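Have a look at the structure below before the remarks.
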Amino acid sequence: VYGINNQQTARVCGPQKQCYDTTTGVCLNGTTVCPGLDAQLCGSQCYNTSSEVCINGNVQCINSCNGTCYSNSQYCYNNTFICNVGQSVCNIQTSNSLSYYPLGLTCYNSTQYMCSNSTLCAYQYSCGNQCYSSYQSACVNNETICINSLYNVYGINNQQTARVCGPQKQCYDTTTGVCLNGTTVCPGLDAQ
Numbered sequence: 011v012y013g014i015n016n017q018q019t020a021r022v023c024g025p026q027k028q029c030y031d032t033t034t035g036v037c038l039n040g041t042t043v044c045p046g047l048d049a050q051l052c053g054s055q056c057y058n059t060s061s062e063v064c065i066n067g068n069v070q071c072i073n074s075c076n077g078t079c080y081s082n083s084q085y086c087y088n089n090t091f092i093c094n095v096g097q098s099v100c101n102i103q104t105s106n107s108l109s110y111y112p113l114g115l116t117c118y119n120s121t122q123y124m125c126s127n128s129t130l131c132a133y134q135y136s137c138g139n140q141c142y143s144s145y146q147s148a149c150v151n152n153e154t155i156c157i158n159s160l161y162n163v164y165g166i167n168n169q170q171t172a173r174v175c176g177p178q179k180q181c182y183d184t185t186t187g188v189c190l191n192g193t194t195v196c197p198g199l200d201a202q
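Numbering (the numbering used here), first residue to last: 11 to 202.
Okay, here's the thing in structure tokens:
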């Protein structure tokens with residue numbers, strides 16, 4: 011196994027000649043391989059010093075989330091899910107071509123992603139407080155998502171051609187239709 015700087019990271023530990031990777035584990039007391047770079051021994055048991063402590067030969071959690079230990083740089087959501095401090099939680103129930111995250115609870119960075127109506131999306135695929143569901147979408151006035159392959163086509167001046175008309179915010183394409191009296195979409199550019 012080789013690391014980033016092309017140095018071999020595989021090592022052997024103790025008389026049992028246990029193999030381990032120095033990027034993911036440590037050899038303690040020359041006899042025991044433990045997972046994690048900050049692992050220590052508590053008696054003969056490995057423990058992670060960022061989330062556990064050794065008290066009188068017993069490993070105990072610093073913090074516990076339904077029986078799973080976690081560190082002070084993390085938090086427990088609803089006693090079921092562990093996230094890093096600064097992350098938010100989204101209960102994803104919907105997935106699509108622009109939002110292909112696993113269903114269920116997930117942690118996310120709210121400066122890069124938004125969670126809306128049980129869908130997680132990158133801000134570039136959001137419109138107001140909604141997530142796009144397809145590449146054939148256009149965001150109008152940062153509040154209405156228009157879905158149609160034509161709306162992604164930009165006019166000659168590189169301007170989006172999608173618009174909305176009336177109180178129902180009916181989507182239309184300015185290259186193929188007009189909004190009459192601010193209420194009705196009519197096909198054709200010379201409709202009256």
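Ideal placement from N, C-alpha and C gives every residue a C-beta, glycine not left out.
Every value quoted in this text rests on a predicted model; they were computed, and no experiment measured them.
Is DSSP giving residue i helix, strand or coil here?
{"i": "residue 134", "result": "helix"}
{"i": "residue 158", "result": "coil"}
{"i": "residue 45", "result": "strand"}
{"i": "residue 113", "result": "coil"}
{"i": "residue 89", "result": "coil"}
{"i": "residue 101", "result": "strand"}
{"i": "residue 54", "result": "coil"}
{"i": "residue 197", "result": "strand"}
{"i": "residue 140", "result": "strand"}
Which partner residues does residue i have in the DSSP bridge list?
{"i": "residue 62", "result": "71"}
{"i": "residue 183", "result": "172"}
{"i": "residue 147", "result": "157"}
{"i": "residue 38", "result": "42"}
{"i": "residue 190", "result": "194"}
If you measure between the beta carbons of residue i and residue j, is that distance less than 8 Å?
{"i": "residue 146", "j": "residue 127", "result": "no"}
{"i": "residue 94", "j": "residue 84", "result": "yes"}
{"i": "residue 106", "j": "residue 115", "result": "no"}
{"i": "residue 92", "j": "residue 82", "result": "no"}
Here's the rule: buried if 16 or more other CB atoms are within 10 angstroms of the residue's CB, otherwise exposed. What is residue i?
{"i": "residue 183", "result": "buried"}
{"i": "residue 153", "result": "exposed"}
{"i": "residue 110", "result": "exposed"}
{"i": "residue 140", "result": "buried"}
{"i": "residue 79", "result": "buried"}
{"i": "residue 133", "result": "exposed"}
{"i": "residue 90", "result": "exposed"}
{"i": "residue 129", "result": "buried"}
Go through its chain and collect everything with a Cβ distance to residue i's Cβ below 7 Å, but skip five positions before and after it.
{"i": "residue 195", "result": "175, 180, 182, 187, 189"}
{"i": "residue 70", "result": "62, 63"}
{"i": "residue 197", "result": "186, 187"}
{"i": "residue 21", "result": "30, 32, 37"}
{"i": "residue 155", "result": "137, 140, 142, 147, 149"}
Using C-beta distances below 8 Å, list every residue in its chain close to residue i, excluding the 5 sequence neighbours before and after it, in chain order.
{"i": "residue 50", "result": "38, 44, 56, 57, 59, 64"}
{"i": "residue 35", "result": "43, 44, 45, 46, 47, 49"}
{"i": "residue 40", "result": "23, 24"}
Taking 6 Å as the limit between beta carbons, can you name the residues of its chain near residue i, skipping five residues before and five after?
{"i": "residue 191", "result": "none"}
{"i": "residue 136", "result": "124"}
{"i": "residue 193", "result": "176"}
{"i": "residue 143", "result": "106"}
{"i": "residue 103", "result": "128"}
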